[in-house]
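Below is one structure, written out as structure tokens; comments come after it.
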């Protein structure tokens, strides 16, 4: 009698073992096929970095900076970035400047690049003139004014 139950137990164990193995093999095929789909999907989305254009790089930078709250709006773009919005100029009313044309010139040049010429008093040598102008340039730079100097003969 015990042998009869033992053979039934062995048969039941064998059937359960085969069922578990077949389930794992079927699930294994599904698991193996899913990563391939993800891999194919990611390769379709991706683009070689060497093929990015300047516009693509700007779009990518905008996406990165989109949720960054630490950046001020004034500091978001470089000075020469074409995406930087133009700052509005000062309000202009020409009737204010009927009698004073110099005030009109001051307002017209406000916030724009200006070329200015200076003459060093006395008759310093070229080396002395370069030292004086270098000192003026560094002083203006410390005052947040960008200056380029060129020596004229």
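In my numbering, the protein residues as written are 873 to 1025.
In this text, a Cβ means the ideal position worked out from N, Cα and C, and glycines have one as well.
Cα-Cα separation, residue 827 to residue 1007
A question about residue 827 goes unanswered here, because the residues of the chain that appear run from 873 up to 1025.
Of the listed residues 1018, 969, 931, 983, nearest to residue 953 (C-alpha basis)
931
Report the three-state DSSP secondary structure of residue 988 (helix, strand or coil).
coil
Alpha carbon to alpha carbon, how far is residue 918 from residue 1013? Give it in angstroms, no decimals.
45 Å
Here's the rule I'm using: 16 or more other beta-carbon atoms within 10 Å means buried, otherwise exposed. How should residue 1020 be labelled?
exposed
Neighbourhood of residue 956 by C-beta distance below 7 Å, restricted to the same chain and skipping five residues each side
949
Between the C-alpha atoms of residue 991 and residue 967, what's the straight-line distance to the nearest angstrom?
35 Å
Three-state class that DSSP yields for residue 938 in the structure shown
coil
When the Cα atoms are used, what is the spatial distance from residue 983 to residue 999?
33 Å
Residue range of the unbroken alpha helix (DSSP H) whose run includes residue 1004:
998 to 1014
Thinking residue 1001 and residue 987 are a contact (beta carbons under 8 Å), I'd like their distance in whole angstroms, please.
That pair is no contact at about 18 Å.
Quick check: what's the CA-CA separation for residue 915 versus residue 936?
Its pLDDT being 48, under 50, residue 915 is placed unreliably in this model, and the value from its coordinates should be taken loosely. Going from the Cα of residue 915 to the Cα of residue 936 covers about 21 Å.
Note down the Cα distance separating residue 944 from residue 951, rounded to an integer number of angstroms.
14 Å
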